Every structure is written in C-alpha cells, then in structure tokens.
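Asks: Dropping a structure here in structure tokens format, bear with me for questions.
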Amino acid sequence: MCAGSIMALSVGFRQAMGLFLTPITLDLGLGRGSFALGMGLMNLAWGFGAPIAGAIADRYGAGRVAAVGSLLYAGGLIVMTLSGDGMQLLVGGTLIGLGLSGSGFTVILGTVSRLVTPNKRAQALALASVGGSIGQFLAIPYSHALIDSFGWTLALVILAMSALLIVPLAAGLRGQSPVAQELQSKGARTALKEACQVQGFWLLNAGFFVCGFHLAFVAVHIPAYLADKSFSPWLATAALTTIGLSNIIGSYGFGALGGYFPKKNVLCGIYLCRSLIFLLFLVTPISETTVLIFSAAIGLLWLGTVPLTSGLVGHIFGTQHMSMLFGFVFLGHQFGGFLGAWLAGKIFDTFGSYDAMWWLSIALGLLSAALHLPIKEQPVRLVDIR
C-alpha cells in the first residue's frame, strides 16, 4: 500500500505538468521551448539520480531515500513559482527530477521485487506500477481544478504540499528483505560492470529510451497540441485523464502478461502498437472523439513497459542490486524523456507544427520493437566479491 501510494503521488503529479505549459508560457511571455527544456532537465535529473538513489536504497533501505526525494520534489515545485524569467523552470525541473529519482519507479519497484518470490514478481511489479497509473488518473483533474480555481502559481504550491505526503508514507517501506541482507557481500560496482558486458542490458537501455521519448512528448505537449487545434482546455484534461484511466488497466495487464509470456515479446508488441496508434492519430481527421480514442489506446500502452522492463532486469541480473541496475536502464528512458520534451518544443518553435515529432515517434517505436527481439531472457550470474 505504501509503495503504491508513493508511486501515485510522485508519478501522478509528474504526468500533470503538461497542463501548466500553456498558462505558464502565456503568463511569462516565454516560448514553449523554455518550458520544454525545464521538463527535459527534469527527465535528465531523474535519470542521472535514479541509479545513485537506487544504489543507496539497495544498501540502506528505500524509506529514507523516498522521504528525501519527497522534499526535493516539493522544493522543485515551489521554485517554479518564484521568478518570471524562465530560469525557475530549469532549476525547478531539475529539483523535481532529483526528487523523482528517490520516490519514483527505480527505488520503489526495486524494493517490491526483493520482498516477493520470483514466481509472484511479475504480478507484484504490475500492482505497484498501477499505483502510478491511479495517481495519474487522479492528479490530472486535481491539477486542472487547481489551475482553474487558483491560477498556476498557487496550484504548484498546493501540489508541493501534497507531495510532502510521501514523507509519512516512506516510513512504511521496508528497505530490504532478509535474503537481500544476506547477499550484501556482492559489490554494486562489480554488478554494474558485469551487467554492462551483457548485450541485453544495452538493448533494454536503448528500447527504454524510446519509451521515455514517447511519454514525455505526449504528456508535456498534448495539451498545447490540442489548443493549437482550437479545442477547449477541458479536452486536454480529459485526454490525459483518459490516458491515466486506461493506464491502470494496461500497467497491470501487460505486467501480468509478463508472467506467462516472454517479457521481451510483450514489449515488442507494445512498441509496435504505439507506432500504429501514432500513425492512425496523425492521418485521421482530428475531433474530440478521435482524441479520446487515441488517449484510451495509448493509455493502455503507457506504463505497461515499466513492470516488464524492471521484471527483465530482475530476472536476468537478480534482485540484489535491482534498484541500481534498473536505475541505469531507467537513465536511458530519461534521456529519451529529455529529448522528447525538449525537441518537441524546439520543433514547434521552429516550424510551428508538431508533425515531425509524430513521424519521429512512429519510427522510434518500430526501432524499439526490433531492439527487444535479440534480448536473451535468461538469468546471468554476477560475480560475488567480498
């Protein structure tokens, strides 16, 4: 319960940041590229911080790491409200990213993996990931209501106060299982060195890069994309909420499928379907109906990659250093997130259209599907050192 609730707060609020793009840029007179760069830095900071936070959580437990992450997260949201020259977006985005590295996927899912037996791991990871999906479903309308009622500045302050709820929830996390404590003799540096010698580790990084690219582009820019098409702001909220609702089903469903079918094959199918959905959305005349259909379809595939990818890391390399190793795989995801958020804003500011981003997303989805096929879904024994 604590793990799922933490995921709901951290991942949920992060997915709502796209709702702030239009009001912040209009109020401050900034281009979309400035906001997108802040969100890109958030993804980079999250990515670089994830393996460090994961290694600390592997050794000392997840509770303290998640609590510190909550404080950084709230601080980043506050910083975004402090000035009007755009610099606060960069600093705030960086702090939010560092906060997410301590309270997001890598630390929480690594802890969950160590607390269950291998035959129940896929289902447990799926259930924990559902917490983030429920958070997105609830955080989008919550954030929209705050912006409408109080304006974007006070809305960010209230979100910061809400993020602090992670601190008491973190007290309920057990850092390690007894088995993990017995295996503490394995060195994290050696585990990483040996993982880097496995081709599948790099293929997972490259494939997860595409996931981050897709998610950041859609989450950050879909509200502005719909505004450009002259739709009411309520449709952007409805679209992101629909993504969150479908994501609840998809995260658990695809995570559970990983317990019955090769995880790499399920991941391949997810990326192929994403490309198809992007293509259909791009070539079909846009309407409120097609937007909601697109949102429901892409939502099913949204975070379904997370329990599968983290499950592959745990299956191939074991769970002792899973938070750290998944953190490095997640770094690839966040490089993609940075590029997806920033490049979309840059392309729009240059060409006045997102069309090139849609086509690039289609091509990358096909590439990611191909990258997962050669992965060998077999356990690898990392050297035990003392």
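Residue numbers for the sequence shown follow this note's numbering, beginning at -11 and rising by one. Virtual Cβ for every residue (Gly too), placed ideally from N, Cα, C. Only a predicted model underlies this, so the values are computations on that prediction, with no experimental measurement involved.
1. Check the C-beta distance from G90 over to A54 and give it rounded, since I have them as a contact under 8 Å.
2. Helix or strand or just coil, what does DSSP make of W290?
3. Looking at C-alpha atoms only, which residue of A227, A33 and A194 is the closest neighbour of I363?
4. Please confirm if the segment 238 to 258 is in contact with the segment 287 to 304, defined as three or more CB-CB distances below 8 Å between the two stretches.
5. If you count every other CB in all the chains shown that lies within 10 Å of the CB of G340, and 16 or more means buried, which is it?
6. Tell me whether T338 sits in a helix, a strand or coil according to DSSP, three-state version.
7. Look at the alpha carbon of L223 and the alpha carbon of T230, and state the distance between them as a whole number of angstroms.
8. Fully enclosed by the segment 235 to 300, which alpha helix (DSSP H) runs are 4 residues long or longer?
9. Taking the C-alpha atoms as reference points, what is the distance between A127 and A226?
10. Would you mind reading off the limits of the alpha helix (DSSP H) that contains M377?
11. So, F326 versus G92, is the Cβ gap smaller than 7 Å?
12. Could you give the first and the last residue of the continuous alpha helix (DSSP H) run that contains G356?
13. According to DSSP, is V167 helix, strand or coil?
14. Contact check, G81 vs G26 under 8 Å by CB: the rounded distance?
15. Measure the C-alpha to C-alpha separation of L228 and I154 and round it to an integer number of angstroms.
16. What would DSSP say about F201, mapped onto helix, strand or coil?
17. State the Cα-Cα distance for the pair L152 and L65, rounded to the nearest angstrom.
18. Taking the straight line between their C-alpha atoms, what separation do you get for D15 and L83?
19. Assuming G200 and F282 make a contact with CB atoms under 8 Å, what is their CB distance in whole Å?
20. By DSSP, does E365 sit in helix, in strand, or in coil?
21. Under the assumption that G119 contacts M(-5) (Cβ atoms under 8 Å), give the Cβ distance between them as a whole number of angstroms.
22. Pick out whichever of G42, S234 and K108 has its Cα sitting closest to the Cα of Y248.
23. Go ahead and pull the three-state DSSP assignment for A194.
24. G72 by DSSP, collapsed to three states: which one?
25. With the cut-off set at 7 Å, would you say S101 and M310 are in Cβ contact?
26. Short check: CB of V254 to CB of L296, under 7 Å?
27. Count the other CB atoms within 10 Å of the CB of Q185; is the residue buried (16 or more) or exposed (fewer)?
28. Which same chain residues end up closer than 6 Å to L86 when comparing Cβ atoms and leaving out the 5 residues on each side of it in sequence?
29. Give the DSSP-derived three-state secondary structure of V206 in the structure shown.
30. Work out the CA separation of Y342 and Y213 for me, nearest whole Å.
31. With a threshold of 6 Å on Cβ separation, who are the neighbours of G57 within its own chain once the five nearest residues in sequence on each side are excluded?
32. L97 and S220 - do their beta-carbons sit closer together than 7 Å?
Replies: From the atom records:
1. Working through the sequence shown from its first residue, we reach residue 90 at position 102. Working through the sequence shown from its first residue, we reach residue 54 at position 66. That pair is a contact at about 6 Å.
2. As a working mapping, residue 290 is identified with position 302 in the sequence shown. Here W290 sits in coil by DSSP.
3. Looking up residue 363 in the sequence shown gives position 375. The shortest Cα separation from I363 among A227, A33 and A194 belongs to A194.
4. yes
5. Along the sequence shown, read from residue 1 onward, the residue named residue 340 stands at position 352. When all chains shown are included, G340 counts as exposed.
6. The residue you call residue 338 lines up with position 350 of the sequence shown. The answer is helix: DSSP assigns T338 an H, G or I state.
7. The sequence position of residue 223 within the sequence shown is 235, counting from 1. The sequence position of residue 230 within the sequence shown is 242, counting from 1. Cα to Cα, the separation comes out at about 10 Å.
8. If only uninterrupted alpha helix (DSSP H) runs of at least 4 residues are considered, those enclosed by the segment 235 to 300 are 251 to 271 and 276 to 288.
9. Along the sequence shown, one-based indexing puts residue 127 at 139. Along the sequence shown, one-based indexing puts residue 226 at 238. Going from the Cα of A127 to the Cα of A226 covers about 12 Å.
10. Absent from the structure is residue 377, since the part of the chain shown begins at -11 and ends at 374.
11. Here residue 326 is taken as the residue at index 338 of the sequence shown, counted from 1. Here residue 92 is taken as the residue at index 104 of the sequence shown, counted from 1. The Cβ-Cβ distance between F326 and G92 does not fall below 7 Å.
12. For the purposes of this step, residue 356 is identified with residue 368 of the sequence shown, where counting begins at 1. The sequence shown places Ser at residue 356, rather than the Gly named in the question. D343 to H360 is the span of the alpha helix (DSSP H), which, as asked, contains S356.
13. By one-based count along the sequence shown, residue 167 stands at place 179. With a pLDDT of 44 at V167, under the threshold of 50, the modelled position of this residue cannot be trusted, and the question is left open.
14. Counting from one through the sequence shown, the residue named residue 81 turns up at place 93. Counting from one through the sequence shown, the residue named residue 26 turns up at place 38. That pair is a contact at about 4 Å.
15. On the sequence shown, position 240 is the one that residue 228 refers to. On the sequence shown, position 166 is the one that residue 154 refers to. Across the structure, L228 and I154 are spaced so that their CA atoms are roughly 23 Å apart.
16. Indexing the sequence shown from 1 puts residue 201 at position 213. F201: helix per DSSP, three-state reduction.
17. Here the question's residue 152 lines up with position 164 in the sequence shown. Here the question's residue 65 lines up with position 77 in the sequence shown. When the Cα atoms are used, L152 and L65 turn out to be separated by approximately 11 Å.
18. By one-based count along the sequence shown, residue 15 stands at place 27. By one-based count along the sequence shown, residue 83 stands at place 95. About 22 Å.
19. If you number the sequence shown from 1, residue 200 lands on position 212. If you number the sequence shown from 1, residue 282 lands on position 294. That belief does not hold up - the Cβ atoms of G200 and F282 are roughly 20 Å apart, past 8 Å.
20. As a position in the sequence shown, residue 365 is number 377, starting the count at 1. In the structure shown, E365 sits in coil (DSSP, three-state: anything other than H, G, I, E or B).
21. Here residue 119 refers to the residue found at position 131 when the sequence shown is read from its first residue. Here residue -5 refers to the residue found at position 7 when the sequence shown is read from its first residue. Right, their Cβ atoms sit about 4 Å apart.
22. Within the sequence shown, numbered from 1, the residue matching residue 248 stands at position 260. When G42, S234 and K108 are compared, the shortest CA-CA separation from Y248 is found for K108.
23. Your numbering for residue 194 matches position 206 in the sequence shown. In the structure shown, A194 sits in a helix (DSSP, three-state: H, G or I).
24. In the sequence shown, the residue the question calls residue 72 occupies position 84. Three-state DSSP puts G72 in coil, outside helix and strand.
25. Working through the sequence shown from its first residue, we reach residue 101 at position 113. Working through the sequence shown from its first residue, we reach residue 310 at position 322. Going by C-beta atoms, S101 is nearer than 7 Å to M310.
26. As a first step, residue 254 must be located in the sequence shown, where it is residue number 266. As a first step, residue 296 must be located in the sequence shown, where it is residue number 308. Against a cut-off of 7 Å, the Cβ pair of L296 and V254 comes out as a contact.
27. In the sequence shown, the residue the question calls residue 185 occupies position 197. Exposed.
28. Sequence index remark: in the sequence shown, residue 86 carries index 98 (1-based). Counting only Cβ-Cβ distances below 6 Å, and skipping sequence neighbours, we find A33, G37 and L60.
29. The residue labelled residue 206 in the question sits at position 218 within the sequence shown. Here V206 carries a helix assignment [DSSP, helix/strand/coil].
30. What you label residue 213 is simply residue 225 of the sequence shown in a count that begins at 1. What you label residue 342 is simply residue 354 of the sequence shown in a count that begins at 1. Straight-line measurement puts the Cα of Y342 at about 7 Å from the Cα of Y213.
31. Position 69 of the sequence shown, counted from the first residue, corresponds to residue 57. Excluding residues within five positions, the ones whose Cβ falls inside 6 Å are G87, G90 and S91.
32. Position 232 of the sequence shown, counting from 1, holds the residue named residue 220. Position 109 of the sequence shown, counting from 1, holds the residue named residue 97. Taking 7 Å as the Cβ cut-off, S220 and L97 do not qualify as a contacting pair.
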